[in-house]
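These notes concern the structure reproduced below.
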Amino acid sequence: MQTRPHTTPHETPHNTLVVSSSPREDGNSHVLARAALEGARAAGHDVEHVFLDEYVQRMLDNCRRCRRIDDGNCSLDDRYEELLIDHMLSADGIIFAMPLYFYGMPGRLKTVFDRLFCYTSNGSPRQDEVVDGIMGKKIGVLISCEESYLGATQGVIAQFQELARYLHQDLVDVVVGNANSRGEIVCDPSDPVARARDLGTRLFTTRVTDYRLDTVRSSRVWEQSA
Ligand SMILES: Cc1cc2nc3c(=O)[nH]c(=O)nc-3n(C[C@H](O)[C@H](O)[C@H](O)COP(=O)(O)O)c2cc1C
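The UniProt record's numbering numbers the first residue of the sequence shown as 1 and each following residue consecutively.
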């Protein structure tokens, strides 16, 4: 495996959560998810892998209707809360693996973000815990799609960028591979599988910058180039 010059694997171990959002557990985005898990593990991180369809069955509803009157908790009866509290909040970095559906993310994955609202809004008894816990994470995105033109994934990449900005997270990288039939992503000559593994390896070591005019910084990007 090739490592980019700016990566320093085997730094501090971090918790890496990989979220598979395709219902096809033998599908293409799962191949990318597995590669990212391998990369993270090889870099010495603690890894965890979840399939969204085991956790998210219900969509966001009207919180005024479905928040429990006695304790203010969400009453939607699936495992979303377990996913959020026990897996997402405790992760230092999250890699979302997804098929492209109609130029966007699958509805189940979008629901993960929609329902975050129930836990971060003022009426939530877990507001502080969830607001504090969801910020500061490193985020990676793995996308499998049939079409190769850049516009196909532009919308969803922009959405992840905005989500990361809003949630005070770093969007580290996005890997896009082209495939349709199950597993054929390994045939994509741009080797998205290797790129997914690399993303898993360097999720916590990649330099992510977003300057403003007055940001104090060196004129060099790489100190070793001095
Ligand atoms: C409901 C649905 C919508 C899709 N929409 C698109 C699309 O807009 N653009 C595209 O390139 N591929 C689209 N595809 C193809 C999938 O993104 C592609 O087959 C992907 O590799 C599936 O990933 P998976 O095997 O992990 O489920 C769509 C597939 C489905 C089932």
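The beta carbon of each residue, even a glycine, is placed where N, CA and C say it ideally should be.
Proximity to Ala152 [Cα-Cα], best of Phe102, Ile139, Gln161: For the purposes of this step, residue 152 is taken as the residue at position 152 of the sequence shown. Minimum Cα distance to Ala152 is reached at Phe102.
Of the listed residues Asp191, Leu142, Arg64, Pro189, nearest to Phe117 (C-alpha basis): Position 117 of the sequence shown, counted from the first residue, corresponds to residue 117. Out of Asp191, Leu142, Arg64, Pro189, Arg64 has the C-alpha closest to the C-alpha of Phe117.
Three-way DSSP call (helix, strand, coil) for Arg67 in this model: Counted from its first residue, the sequence shown places residue 67 at position 67. Strand at Arg67.
Residue environment, Asp132, which counts as buried when at least 16 other CB atoms sit within 10 Å: Against the sequence shown, residue 132 aligns to sequence position 132. Exposed.
C-alpha gap between Thr120 and Pro189, whole angstroms: On the sequence shown, residue 120 is found 120 positions in, with the first residue counted as 1. On the sequence shown, residue 189 is found 189 positions in, with the first residue counted as 1. Their Cα atoms are separated by approximately 42 Å.
With 16 other Cβ atoms within 10 Å as the buried cut-off, status of Pro99: Taking the first residue of the sequence shown as 1, we reach residue 99 at position 99. The residue is buried, with at least 16 neighbouring Cβ atoms inside 10 Å.
Cβ-Cβ separation, Ala36 to Gly104 (assumed contact under 8 Å), whole Å: Numbered from 1 along the sequence shown, position 104 holds the residue referred to as residue 104. Numbered from 1 along the sequence shown, position 36 holds the residue referred to as residue 36. With 8 Å as the limit, Gly104 and Ala36 do not qualify as a contact, their Cβ atoms being about 21 Å apart.
Any non-hydrogen atom of ligand 1 closer than 8 Å to Asn30 Cβ: For this step, residue 30 is matched to residue 30 along the sequence shown. Note on identity: in this sequence residue 30 is His, with Asn being the wrong assignment. It does: the Cβ of His30 is within 8 Å (strictly closer) of some heavy atom of ligand 1.
Own chain partners of residue 305 with C-beta closer than 6 Å, once the 5 adjacent residues on each side are dropped: For residue 305 there is no data in the structure shown, the boundaries of the chain being 1 and 226.
Beta carbon of Gly183 nearer than 9 Å to that of Ile143: Translated into the one-based positions of the sequence shown, residue 183 becomes position 183. Translated into the one-based positions of the sequence shown, residue 143 becomes position 143. For Gly183 and Ile143, no; Cβs fall outside 9 Å.
Continuous alpha helix (DSSP H) stretch holding Ala36: start and end: By 1-based counting over the sequence shown, the position of residue 36 is 36. Its alpha helix (DSSP H) spans residues 28-42.
Near ligand 1: Leu100 beta-carbon under 8 Å from a heavy atom: As a first step, residue 100 is located in the sequence shown; it is residue number 100 there, counting from the start. Because some heavy atom of ligand 1 lies under 8 Å away, the Cβ of Leu100 counts as near it: yes.
Cα-Cα separation, Cys187 to Leu150: What you label residue 187 is simply residue 187 of the sequence shown in a count that begins at 1. What you label residue 150 is simply residue 150 of the sequence shown in a count that begins at 1. Spanning the two alpha carbons is a distance of roughly 19 Å.
Under 9 Å between C-beta atoms of Arg115 and Val50: Locating residue 115 in the sequence shown gives position 115, counting from the first residue. Locating residue 50 in the sequence shown gives position 50, counting from the first residue. Not a contact, by the Cβ cut-off of 9 Å.
Cβ distance (whole Å) where residue 227 is taken to contact Asp170 below 8 Å: Any answer about residue 227 is impossible in this case: the structure gives the chain only from 1 up to 226.
Ala97 (DSSP reduced to helix, strand or coil): As a working note, residue 97 is residue 97 in the sequence shown. It is a strand residue.
Residue range of the unbroken beta strand (DSSP E) whose run includes Leu17: Locating residue 17 in the sequence shown gives position 17, counting from the first residue. Looking at the DSSP string, the run of the beta strand (DSSP E) that includes Leu17 is 15-20.
Contact set for Ala40: own chain, Cβ-Cβ below 6 Å, skip 5 residues either direction: Along the sequence shown, one-based indexing puts residue 40 at 40. Taken in chain order, the residues that qualify are Thr16, Val47, Gly200.
Gly151 Cβ short of 8 Å to ligand 1 heavy atom set: Within the sequence shown, numbered from 1, the residue matching residue 151 stands at position 151. It does not: the Cβ of Gly151 is nowhere closer than 8 Å to a heavy atom of ligand 1.
Span separating the alpha-carbon of residue 254 from that of Leu83: The chain is shown only over 1 to 226; residue 254 falls outside these bounds and no answer can be derived.
Bridge partners - Ser144, DSSP secondary structure assignment: Position 144 of the sequence shown, counting from 1, holds the residue named residue 144. For Ser144, which the question treats as bridged, DSSP gives the partners Pro99, Gly177.
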